[in-house]
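Engineer: Using my numbering, you'd call the opening residue of the sequence shown number 202 and step up by one each time.
All C-beta atoms in this analysis are idealised placements derived from N, C-alpha and C, irrespective of residue type, glycine included.
Take a look at the following structure, please.
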Amino acid sequence: MPIRTAVIEDTEEIVDLKIKAWKKAYQGIIEEEYLENMDPERFEEKLRLYFYDCNRIVYEDRKTKKIMGFCMYGERQNKAEGYQEYDSEICALYVDPDHKREGIGSKLILSAFKHLKQEKKQNTLLWCLKKNHSARHFYEAMGGILLGEKELYLNQTPYSEVGYGFSLNKILL
202 MPIRTAVIED TEEIVDLKIK AWKKAYQGII EEEYLENMDP ERFEEKLRLY
252 FYDCNRIVYE DRKTKKIMGF CMYGERQNKA EGYQEYDSEI CALYVDPDHK
302 REGIGSKLIL SAFKHLKQEK KQNTLLWCLK KNHSARHFYE AMGGILLGEK
352 ELYLNQTPYS EVGYGFSLNK ILL
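Structural data, given as structure tokens:
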């Protein structure tokens with residue numbers, strides 16, 4: 202399987218993937234000015250800062266060694282927001298938009314679920330933009346249950362996020 206643990210040397214390629222994925226997925230959802238002015242250096246600095254706080258995996262093309270997907274997961278990021286029964290979180294899941302619907306996202310999230318289950322986690326959650334219907338459909342197809350809503354602020358602009366919960370004991374791995 203072309204899934205491996207991400208290493209610090211992957212940071213620049215992961216950030217490039219994130220920006221490409223955001224520009225495609227959030228076109229018409231997030232202000233165009235924000236998308237066009239995303240700073241790769243800022244994202245890279247932030248990723249490096251939190252790199253070892255979470256588990257991180259990439260889906261890599263066997264031939265080209267190009268990273269086509271990225272997933273970061275682990276302990277809950279903000280336990281104060283409720284949903285106390287959820288002991289883990291998928292913090293990021295990005296797939297190269299040129300390779301969507303090829304099963305990369307499914308393989309990454311199932312790999313994350315398997316690892317979390319091995320760590321004795323029971324339930325995991327994730328957040329996505331409410332208007333990102335493609336992602337929401339994917340999470341629902343993967344067994345996610347809609348939990349609730351919260352606000353995300355980007356450049357002082359509010360965006361609604363919805364949370365999805367997954368019972369790791371009910372997911373067939």
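Please give me, in chain order, every unbroken run of the beta strand (DSSP E) with length at least 3 that falls completely inside the stretch 257-342.
Structural biologist: Those beta strand (DSSP E) runs which fall completely within the stretch 257-342 and span 3+ residues are 268-275, 289-296, 324-330.
Engineer: Sorted by chain position, which residues of the same chain lie with C-beta nearer than 8 Å to Cys-255's C-beta, five sequence neighbours on each side aside?
Structural biologist: Residue 255 sits at position 54 when you count from the first residue of the sequence shown. Around Cys-255: Met-273, Tyr-274, Gly-275, Glu-276, Cys-292.
Engineer: Could you please give the first and the last residue of the uninterrupted beta strand (DSSP E) stretch that includes Pro-359?
Structural biologist: Counting from one through the sequence shown, the residue named residue 359 turns up at place 158. Counting along the chain, the beta strand (DSSP E) containing Pro-359 begins and ends at 358-368.
Engineer: Glu-237 lies in the alpha helix (DSSP H); which residues open and close that run?
Structural biologist: As a first step, residue 237 is located in the sequence shown; it is residue number 36 there, counting from the start. Unbroken alpha helix (DSSP H) run through Glu-237: 233-237.
Engineer: Which residue or residues does DSSP assign as beta-bridge partners of Thr-206?
Structural biologist: Working through the sequence shown from its first residue, we reach residue 206 at position 5. Paired residues: Ile-258.
Engineer: What distance in whole Å lies between the Cβ atoms of Leu-327 and Tyr-340, which are believed to be in contact at a cut-off of 8 Å?
Structural biologist: Residue mapping note: residue 340 aligns to position 139 of the sequence shown, counting from 1. Residue mapping note: residue 327 aligns to position 126 of the sequence shown, counting from 1. Yes, Tyr-340 and Leu-327 are in contact; Cβ-Cβ is about 7 Å, under 8 Å.
Engineer: Flag this pair as touching only if the stretch 348-355 and the stretch 314-321 have three or more C-beta atom pairs under 8 Å; answer yes or no.
Structural biologist: No, because fewer than three Cβ pairs between the stretch 348-355 and the stretch 314-321 fall closer than 8 Å, the two stretches do not touch.
Engineer: Looking at the strands, I want to know which residues DSSP matches up with Leu-353.
Structural biologist: Translated into the one-based positions of the sequence shown, residue 353 becomes position 152. In DSSP, Leu-353 forms a bridge with Tyr-360.
Engineer: At the level of alpha carbons, what is the spacing between Thr-358 and Gln-278?
Structural biologist: Sequence index remark: in the sequence shown, residue 358 carries index 157 (1-based). Sequence index remark: in the sequence shown, residue 278 carries index 77 (1-based). Answer to the nearest angstrom: the Cα atoms are 21 Å apart.
Engineer: I'd like to know if the stretch 215-225 and the stretch 285-305 are in contact, where contact means that at least 3 CB-CB pairs between them fall below 8 Å.
Structural biologist: These segments touch.
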